[in-house]
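Peer 1: Sequences listed follow chains A and B, in order.
Just so you know, we're using this note's numbering here: the first sequence kicks off at 1 and counts up by one.
Just so you know, we're using this note's numbering here: the second sequence kicks off at 118 and counts up by one.
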Amino acid sequence: GAVVSQHPSRVICKSGTSVKIECRSLDFQATTMFWYRQFPKQSLMLMATSNEGSKATYEQGVEKDKFLINHASLTLSTLTVTSAHPEDSSFYICSARENPNSNQPQHFGDGTRLSIL
Amino acid sequence: GESVGLHLPTLSVQEGDNSIINCAYSNSASDYFIWYKQESGKGPQFIIDIRSNMDKRQGQRVTVLLNKTVKHLSLQIAATQPGDSAVYFCAENIPASGNTPLVFGKGTRLSVIA
Numbered sequence: 001g002a003v004v005s006q007h008p009s010r011v012i013c014k015s016g017t018s019v020k021i022e023c024r025s026l027d028f029q030a031t032t033m034f035w036y037r038q039f040p041k042q043s044l045m046l047m048a049t050s051n052e053g054s055k056a057t058y059e060q061g062v063e064k065d066k067f068l069i070n071h072a073s074l075t076l077s078t079l080t081v082t083s084a085h086p087e088d089s090s091f092y093i094c095s096a097r098e099n100p101n102s103n104q105p106q107h108f109g110d111g112t113r114l115s116i117l
Numbered sequence: 118g119e120s121v122g123l124h125l126p127t128l129s130v131q132e133g134d135n136s137i138i139n140c141a142y143s144n145s146a147s148d149y150f151i152w153y154k155q156e157s158g159k160g161p162q163f164i165i166d167i168r169s170n171m172d173k174r175q176g177q178r179v180t181v182l183l184n185k186t187v188k189h190l191s192l193q194i195a196a197t198q199p200g201d202s203a204v205y206f207c208a209e210n211i212p213a214s215g216n217t218p219l220v221f222g223k224g225t226r227l228s229v230i231a
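1) Determine, using beta carbons only, whether residue 216 of chain B comes closer than 9 Å to chain A.
2) To the nearest angstrom, how far is the alpha carbon of residue 108 of chain A from that of residue 160 of chain B?
3) Tell me the rounded alpha-carbon separation between residue 46 of chain A and residue 34 of chain A.
4) Between residue 34 of chain A and chain B, is there a C-beta pair that is closer than 9 Å?
5) Can you tell me where the beta strand (DSSP E) with residue 36 of chain A in it begins and where it stops?
6) Which value, in whole angstroms, describes the spacing of the CA atoms of residue 74 of chain A and residue 66 of chain A?
7) Mind listing which residues of the stretch 192-206 of chain B have their C-beta closer than 7 Å to chain A's C-betas, in chain order?
8) Please name the residue, chosen from B:138, B:134 and B:129, that lies closest to residue 205 of chain B on a Cα-to-Cα basis.
9) To the nearest angstrom, how far is it from the Cα of residue 9 of chain A to the Cα of residue 111 of chain A?
10) So that I know if they touch, is there some Cβ in chain A lying closer than 9 Å to that of residue 162 of chain B?
11) For a contact meaning CB atoms closer than 7 Å, what does residue 49 of chain A contact in chain B?
12) Please state the DSSP three-state secondary structure of residue 121 of chain B.
13) Please classify residue 39 of chain A: is it buried, with 16 or more other beta-carbons within 10 angstroms of its beta-carbon, or exposed?
14) Quick one: what does DSSP say residue 88 of chain A is sitting in, helix, strand or coil?
15) Can you tell me whether residue 166 of chain B is helix, strand or coil according to DSSP?
16) Could you give the distance in angstroms between the alpha-carbon of residue 83 of chain A and the alpha-carbon of residue 49 of chain A?
17) Are the Cβ atoms of residue 203 of chain B and residue 179 of chain B separated by less than 9 Å?
18) Under DSSP, the beta strand (DSSP E) around residue 232 of chain B begins and ends at which residues?
19) Any beta-carbon of chain B closer than 9 Å to the one on residue 107 of chain A?
20) Examine chain A for any beta-carbon lying closer than 9 Å to the beta-carbon of residue 223 of chain B, and answer yes or no.
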């Protein structure tokens with residue numbers, strides 16, 4: 001089955017640090033990947049749609065200069081949290097579809113727990 | 118019992134009983150629905166899906182029911198086991214051009230009492 005891999009699974013760092021999270025589709029190509037953020041006991045909140053070879057589309061209220069997305073290949077998208085602060089601490093999850101039609105399942109990575117001290 | 122508030126609704130069931138998790142979806146034009154299971158510290162995991170031209174679909178120990186009249190989706194888990202304890206999300210696809218993301222519901226926490 002389609003596998004989405006995220007790295008790292010956990011990051012703990014000081015305030016002001018920039019953190020890069022990688023999302024890979026292991027056995028399929030993904031022209032589109034989705035980045036979500038999840039706070040404790042809440043649902044997934046879509047942050048942005050990452051498009052291979054073009055700019056990401058950000059949801060309202062998500063700062064594009066704060067959350068830099070690069071989708072450089074058909075199997076890799078990266079999310080960089082720039083100058084992270086404690087309020088950026090969250091669970092970040094990426095997702096992609098093996099079949100690009102929207103009426104198909106999204107496959108999720110196992111998330112990255114980001115803790116900013 | 119079930120409680121709804123600012124936090125995730127929680128459903129507590131006895132091991133071996135059947136569980137029913139409910140979801141009200143938002144858009145009458147939605148054509149595809151999925152149930153995901155999310156365990157602590159992990160990403161959502163696909164359980165079962167259903168298209169809008171069906172009203173019932175069965176998997177192994179799980180059944181999804183779709184009532185388009187009232188925009189309601191349910192997930193039934195038979196003979197609930199401790200390993201079923203997790204948060205369950207429903208998600209819907211609202212038809213649009215391109216590869217658009219699913220829209221997720223608020224989620225329900227299922228706690229299985231041994």
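Positions of the beta carbon are idealized from the N, C-alpha and C atoms, including for glycine.
Given the structure is predicted, the values throughout are model-derived calculations rather than measurements.
Peer 2: Straight from the coordinates:
1) Working through the second sequence from its first residue, we reach residue 216 of chain B at position 99. Interface residue, yes.
2) Position 108 of the first sequence, counted from the start, is the residue given in the question as residue 108 of chain A. Position 43 of the second sequence, counted from the start, is the residue given in the question as residue 160 of chain B. Between residue 108 of chain A and residue 160 of chain B, the C-alpha separation is close to 6 Å.
3) Walking along the first sequence from the start, residue 46 of chain A turns up at place 46. Walking along the first sequence from the start, residue 34 of chain A turns up at place 34. Roughly 7 Å between the two C-alpha positions.
4) Here residue 34 of chain A refers to the residue found at position 34 of the first sequence. So, interface residue.
5) One-based indexing of the first sequence puts residue 36 of chain A at position 36. It spans 32-38 - the beta strand (DSSP E) in which residue 36 of chain A sits, taken as one unbroken run.
6) Here residue 74 of chain A is taken as the residue at index 74 of the first sequence, counted from 1. Here residue 66 of chain A is taken as the residue at index 66 of the first sequence, counted from 1. Using only the alpha carbons, I get a separation of about 23 Å.
7) 206
8) Numbered from 1 along the second sequence, position 88 holds the residue referred to as residue 205 of chain B. Among B:138, B:134 and B:129, the Cα nearest to that of residue 205 of chain B belongs to B:138.
9) Translated into positions along the first sequence, residue 9 of chain A becomes position 9. Translated into positions along the first sequence, residue 111 of chain A becomes position 111. Each residue's alpha carbon lies about 6 Å from the other.
10) Here the question's residue 162 of chain B lines up with position 45 in the second sequence. Chain A contact via Cβ: present.
11) Here residue 49 of chain A corresponds to residue number 49 of the first sequence, with the count starting at 1. Ordered by position in chain B, the residues that pass the 7 Å Cβ test against residue 49 of chain A are 218.
12) Within the second sequence, numbered from 1, the residue matching residue 121 of chain B stands at position 4. Only weak support is given to the placement of residue 121 of chain B: the predicted model assigns it a pLDDT of 37, under 50, and the value that follows is read from those uncertain coordinates. DSSP places residue 121 of chain B in coil when its eight states are reduced to three.
13) For the purposes of this step, residue 39 of chain A is taken as the residue at position 39 of the first sequence. It is exposed - the Cβ of residue 39 of chain A has fewer than 16 other Cβ atoms within 10 Å.
14) The residue you call residue 88 of chain A lines up with position 88 of the first sequence. In the structure shown, residue 88 of chain A sits in a helix (DSSP, three-state: H, G or I).
15) By 1-based counting over the second sequence, the position of residue 166 of chain B is 49. DSSP places residue 166 of chain B in strand when its eight states are reduced to three.
16) As a position in the first sequence, residue 83 of chain A is number 83, starting the count at 1. As a position in the first sequence, residue 49 of chain A is number 49, starting the count at 1. So the two alpha carbons sit approximately 21 Å from each other.
17) Walking along the second sequence from the start, residue 203 of chain B turns up at place 86. Walking along the second sequence from the start, residue 179 of chain B turns up at place 62. In this structure, residue 179 of chain B does not lie closer than 9 Å to residue 203 of chain B by Cβ.
18) This structure gives no information on residue 232 of chain B, because the portion of chain B shown stretches from 118 to 231.
19) Numbered from 1 along the first sequence, position 107 holds the residue referred to as residue 107 of chain A. Taking Cβ atoms only, chain B reaches closer than 9 Å to residue 107 of chain A, which makes this a yes.
20) Along the second sequence, one-based indexing puts residue 223 of chain B at 106. At least one chain A Cβ lies under 9 Å of residue 223 of chain B.
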